[in-house]
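Chemist: Quick one: this structure, given as structure tokens, is what I'll be asking you about.
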Amino acid sequence: MDSLTSEIAEIRSSYVRDRLAFVPGERMVRIVQALGATDEDLDRLVTVSDALESDPTLPFRKTRTGRFGFDPGAMEVRRLEFQPFMLSTEDDFVRHDAGQVRVFDEIRDDLQLNTALQALFVFKYMVFDGMAVEHRPKLDYDSDRWVCTLLNVRTTTTRDLIGEPALEGVHSDGVDHTMTTYLGSTNMTEDSAVTFLHEMDEVNGVRWHETDPDLVRARAQHRDFLDTCLIVDHELKHSVSTLHAADPDRPATRDLLAFLTRRPVGGGHHSYEFDSPAPHSTLPMTVALSTLDESTRTAG
Ligand SMILES: [Fe+2]
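See the structure below:
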């Protein structure tokens, strides 16, 4: 087994065991380089969020999204056509815009053609492929396909605006596997934006500082470039603490990628109309996937 395969197998087995995994950025950099990320593209990923422009519902956030499909038959991940986005209370998501159809700016080639980003897709697939998870209602677990919504998000705190990386408090993302990868921050305090992982008994919508300590399974903080957290999204809820500015006279920013991956939805799901498997006609992207073979998975 080569070192890349054994490294990913090790992360996979801890994810399978703990239902969450935190991979330090330094290790992620090595992994994505081994999966084809160039140094130039790693540098570009640091600043890609500067090109974000708006968010449909949150004033302290700028966001782009894109839909990607993992197709194990073709062993490819490809960009899927634009569809609006919705999270509802059925997804364990309680917020003023829950159930609202949201239209985000689209992720463009500057991000989707970045070899480091493409390597993150391949990495995520290698980690979760073949893993059994608690089923969400109304998802099609007979399908072999996966739909991944990628969000590129910048949260900003200024004198007038408090940036909440998760305004919704305790929640889930409505998917099977959530992966968050940190790109960087400016002027952020040491204690900002801590992620808490809660048992499913925690109440949706509770603010991170009002949660039951007995129901906190783990905490993690994204501090270094490419720090990455994986969560089995229907087995653990999460919340994130506020973004505070170290120098209150200057804005604080925090940039993140979120890869929200689930089976396609079935009939009766609120996103049934927004789950097209068709490729994107004007922003195509296709990347070959890899997988760990059966023996490596069990050995890991
Ligand atoms: Fe989330």
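Numbering-wise (my numbering), the sequence shown opens with residue 519 and increments by one. Heads up, the beta-carbon is just placed ideally off N, CA and C, and yes, glycines get one too.
Kindly indicate which three-state DSSP category residue 474 falls into: helix, strand or coil?
Modeler: The question about residue 474 has no answer here: the residues shown for the chain are numbered 519 through 818.
Chemist: To test your reading of the DSSP string, which unbroken beta strand (DSSP E) runs of 3 or more residues are found completely within the region 724-796?
Modeler: The region 724-796 contains these whole beta strand (DSSP E) runs: 734-739, 746-750, 755-758 and 770-780.
Chemist: Assign residue 690 to buried or exposed, taking buried as 16 or more other Cβ atoms, counted over all protein chains shown, within 10 Å of its Cβ.
Modeler: Flag for residue 690 reads buried.
Chemist: Could you check if residue 689 belongs to the surroundings of ligand 1, using beta carbon to heavy atom distance under 7 Å?
Modeler: Because some heavy atom of ligand 1 lies under 7 Å away, the Cβ of residue 689 counts as near it: yes.
Chemist: Are residue 674 and residue 771 closer than 8 Å when you measure CB to CB?
Modeler: Yes; because the gap between Cβ atoms is below 8 Å, this pair is in contact.
Chemist: With C-beta atoms as the reference, is residue 572 less than 8 Å away from residue 623?
Modeler: It is a contact, given that the beta carbons lie within the stated cut-off.
Chemist: Can you name the residues that DSSP bridges to residue 716?
Modeler: Partner(s): 734 and 755.
Chemist: Taking 8 Å as the CB-CB cut-off, is residue 608 touching chain B?
Modeler: The displayed structure is made up of one protein chain only, and chain B is not part of it.
Chemist: For ligand 1, is there a heavy atom less than 7 Å away from the beta-carbon of residue 684?
Modeler: Checking the Cβ of residue 684 against ligand 1 gives yes.
Chemist: Could you give the distance in angstroms between the alpha-carbon of residue 721 and the alpha-carbon of residue 743?
Modeler: Cα to Cα, the separation comes out at about 31 Å.
Chemist: Using C-beta distances below 8 Å, list every residue in its chain close to residue 799, excluding the 5 sequence neighbours before and after it, in chain order.
Modeler: Cβ neighbours of residue 799 beyond the five flanking positions: 599.
Chemist: Can you tell me whether residue 683 is buried or exposed, with buried defined as 16 or more other CB within 10 angstroms of its CB?
Modeler: Residue 683 should be labelled buried.
Chemist: Just how far apart, CA to CA, sit residue 582 and residue 694?
Modeler: Residue 582 and residue 694: Cα-Cα distance of roughly 21 Å.
Chemist: Ligand 1 and residue 696: does any heavy atom of the ligand fall closer than 7 Å to the residue's C-beta?
Modeler: Checking the Cβ of residue 696 against ligand 1 gives yes.
Chemist: Check residue 624 in the structure and name its three-state DSSP category.
Modeler: Residue 624 falls in the strand class under three-state DSSP.
Chemist: Which same chain residues end up closer than 6 Å to residue 643 when comparing Cβ atoms and leaving out the 5 residues on each side of it in sequence?
Modeler: Excluding residues within five positions, the ones whose Cβ falls inside 6 Å are 588 and 807.
Chemist: Can you tell me whether residue 787 sits near ligand 2, meaning its C-beta is under 7 Å from at least one heavy atom of the ligand?
Modeler: Among the ligands modelled here, namely ligand 1, ligand 2 does not occur.
Chemist: Is residue 756 near ligand 1, in the sense that its beta carbon is under 7 Å from a heavy atom of that ligand?
Modeler: Correct: residue 756 has its Cβ closer than 7 Å to ligand 1.
Chemist: What is the DSSP secondary structure of residue 644, counted as helix, strand or coil?
Modeler: DSSP places residue 644 in helix when its eight states are reduced to three.
Chemist: Using a Cβ-Cβ cutoff of less than 7 Å, which residues in the same chain neighbour residue 729 once the five nearest sequence positions on both sides are dropped?
Modeler: Here the set comprises 688, 714, 716, 720 and 757.
Chemist: Please list the segments of the alpha helix (DSSP H) lying wholly inside the region 567-623, counting only runs of 4 or more residues, in order along the chain.
Modeler: Counting only runs of 4 or more, we get nothing.
Chemist: Should residue 819 go down as buried or exposed, given a rule of 16 or more other Cβ atoms within 10 Å for buried?
Modeler: For residue 819 there is no data in the structure shown, the boundaries of the chain being 519 and 818.
Chemist: Can you tell me which of 804, 580 and 667 puts its alpha carbon nearest to the alpha carbon of residue 605?
Modeler: The option with the nearest alpha carbon to residue 605 is 667.
Chemist: With residue 702 as the anchor, note down where its beta strand (DSSP E) starts and where it stops.
Modeler: Segment 695-704, the beta strand (DSSP E) holding residue 702.
Chemist: How big is the Cα-Cα spacing for residue 548 and residue 537?
Modeler: Approximately 23 Å between the Cα atoms of the pair.
Chemist: Kindly indicate which three-state DSSP category residue 651 falls into: helix, strand or coil?
Modeler: If DSSP states are grouped into helix, strand and coil, residue 651 belongs with coil.
Chemist: Quick one: is residue 703 buried, meaning 16 or more other Cβ sit within 10 Å of its Cβ, or exposed?
Modeler: When all chains shown are included, residue 703 counts as buried.
Chemist: What is the rounded straight-line gap between the Cα of residue 641 and the Cα of residue 750?
Modeler: For residue 641 and residue 750, the distance between alpha carbons rounds to 16 Å.
Chemist: Using only the alpha-carbon positions, how far apart do residue 656 and residue 787 sit?
Modeler: Between residue 656 and residue 787, the C-alpha separation is close to 6 Å.
Chemist: Per DSSP, residue 815 forms a beta bridge with which residues?
Modeler: Its beta-bridge partners do not exist; DSSP assigns none.
Chemist: With distance defined between alpha-carbon atoms, name the residue in 670, 612 and 621 nearest to residue 630.
Modeler: Of the candidates 670, 612 and 621, the one whose C-alpha sits nearest the C-alpha of residue 630 is 670.
Chemist: Tell me the rounded alpha-carbon separation between residue 678 and residue 708.
Modeler: Cα to Cα, the separation comes out at about 21 Å.
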